[in-house]
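Notes for the one structure printed next.
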Amino acid sequence: TIISLLILIVSFSSFSGGNHSVVSEFVLLGLSSSWEIQLLLFCFSCLFYMSSMTGNLLIVVTVTSDPYLHSAMYFLLANLSIIDLIFCSIAAPKMICDLFRKQKVISFWGCIAQIFFSHAVGGTEMVLLIAMAFDRYVAVCKPLHYLTIMSPRMCIFILVVAWTIGLTHSLTQLAFVVNLPFCGPNVLDSFYCDLPQLIKLACTDTYKLDGFISLGSFFILIVSYIFILITVRKHSSGSSSKALSTLSTHVMVVILFFGPCIFVYIWPHSTSHLDKFLAVFDVVLTPFLNSVIYTSRNKEMKVAMWKVCKSIRFPYQLEVM
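Under mature numbering (1 follows the signal peptide of the UniProt record, and there is no 0), residues -18 to -1, 1 to 303 are what the sequence shown spells out, in order.
If you want it as structure tokens, here you go:
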């Protein structure tokens, strides 16, 4: 399990003589010291956090309960919503609670846990987005073989591979961070723990790896979508226009997910204010926008969600009908 792997890495770092840190906790500077801005951020964060949780949970319930949505595309979409539910709950609740606290602190292992879960979920989402691109490729280029290729067994295989890669990616980062010595300052100019800010406090030279992984995955996705779009242009049927609309939705989600990641992890002259803005966008807004983008441009999904909402509001009337 995940907890066993974490314990194994911690034990290994202790026996190997790594992590000679004297830092037991980190102080978070947060987003702003202005009371007015903090109040605005509190309302903004609460609104979008609750909207993100509600929207993504509704997608999962809708796909699970509606038999007409039991296909590969909606299976992957429901799992993307589950990932967004987890991702927005890693840092957003603590950020909201810390907004009005004078001293914002997080323990060393609490910081490590945030890094682990955010990178595990982020790595899984990268693979899942690539799988969704593959799903659209099969739907457009091999429609007659779609049900055979994107079978339930293939969907489960994709999900297992996505989580395996995500966890492996995160455990690799965790093993690297745990063995860094932190012997000096413990102030993070952020509202949550992440690699770019944390490794700046280490008493040794470090390197950047995450940004190149994000950049590589981004280019794979872009090449995939360009290939699919070229294929779609060769067709002129109504199904092709529907596929084109679906592809444009996927491209928007890919840009929203990878844009902040590439900038934060690769851009050499990024400023703390811009990093914080992109971090808030990534933590609070992206999970919300994913649910809105995928549902607002999908008629089948909107109809199914409307049925679910009606059944929740009027359960007895629907039973009589």
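Note that beta-carbon positions come from the ideal geometry of N, C-alpha and C, so glycine has one too.
Same chain, Cβ closer than 7 angstroms to residue i, five either side skipped, listed in chain order
i, result
"A184", "L162, P163 and F164"
"A115", "L203, S206, Y207 and H232"
"K284", "T277"
"L267", "F30"
"Q20", "S14, L81 and F82"
"W145", "T106"
Residue interval of the beta strand (DSSP E) (run including residue i)
i, result
"K76", "First-last for K76: A74 to D80, but that is the alpha helix (DSSP H), not the beta strand (DSSP E)."
"L10", "E7 to L10"
"S33", "Not the beta strand (DSSP E): S33 falls in the alpha helix (DSSP H), residues W17 to S47."
"S89", "K86 to S89"
Cβ-based neighbour list, residue i, same chain, cut-off 6 angstroms, excluding 5 preceding and 5 following
i, result
"S218", "Note that S218 scores 46 on pLDDT, short of 50, meaning its location in the model is unreliable; the coordinates nonetheless yield the value given after this. Counting only Cβ-Cβ distances below 6 angstroms, and skipping sequence neighbours, we find nothing."
"V45", "L51, Y56 and A60"
"Q179", "L170 and S172"
"L149", "A102"
"D48", "A286"
Whole-angstrom C-beta distance between residue j and residue i, which should lie under 8 angstroms
i, j, result
"S34", "C70", "5 angstroms"
"A73", "V265", "5 angstroms"
"L177", "I68", "At roughly 19 angstroms, the Cβ-Cβ gap does not stay under 8 angstroms, so L177 and I68 are not in contact."
"D117", "L58", "6 angstroms"
"F259", "L10", "That belief does not hold up - the Cβ atoms of F259 and L10 are roughly 16 angstroms apart, past 8 angstroms."
Residue from the options with nearest C-alpha to residue i
i, options, result
"L238", "F24, Y50, M108 and I131", "M108"
"H151", "L111, C137 and S100", "S100"
"R83", "T154, Q96, W17 and A261", "W17"
"L51", "I94, V9 and K281", "K281"
"F139", "A113, P167, P269 and R118", "A113"
"I88", "V205, L180 and F8", "F8"
"A286", "S6, I41 and L22", "I41"
"M32", "Q20, L156, V5 and I78", "I78"
"L111", "K292, W288, R279 and N272", "N272"
"A95", "I181, V159, L22 and L141", "V159"
"S102", "R135, H127 and L156", "At residue 102 the sequence reads Ala, which differs from the Ser that was named. Nearest option by C-alpha distance: L156."
"T213", "P125, T130 and K182", "P125"
"K86", "N168, H127 and T154", "N168"
"P75", "L23, T154 and I210", "L23"
"V5", "L129, T130 and G166", "G166"
Beta-carbon proximity of residue i to residue j, cut-off 8 angstroms
i, j, result
"G104", "I147", "no"
"G12", "D66", "no"
"C93", "C25", "no"
"V290", "V43", "yes"
"residue 308", "F30", "The question about residue 308 has no answer, for the chain in this structure spans -18 to 303."
"N38", "S14", "no"
"V143", "M132", "no"
"C137", "A54", "yes"
Distance cut-off 7 angstroms: residue i Cβ against heavy atoms of the ligand ZN
i, result
"E18", "By its list of ligands, the structure shown contains no ligand whatsoever, and the ligand ZN lies outside what it can speak to."
Residue span of the alpha helix (DSSP H) that contains residue i, given as start and end
i, result
"S63", "A54 to C70"
"R135", "P134 to V160"
"N272", "T268 to S278"
"Y128", "Y128 to I131"
"L177", "L177 to I181"
Sequence-distant residues of the same chain with beta carbon closer than 8 angstroms to residue i, five excluded per side
i, result
"I294", "none"
"W288", "none"
"H127", "V120"
Cutoff 8 angstroms: residue i Cβ touching any chain B Cβ
i, result
"C291", "Absent from the structure: chain B. Only one protein chain is present."
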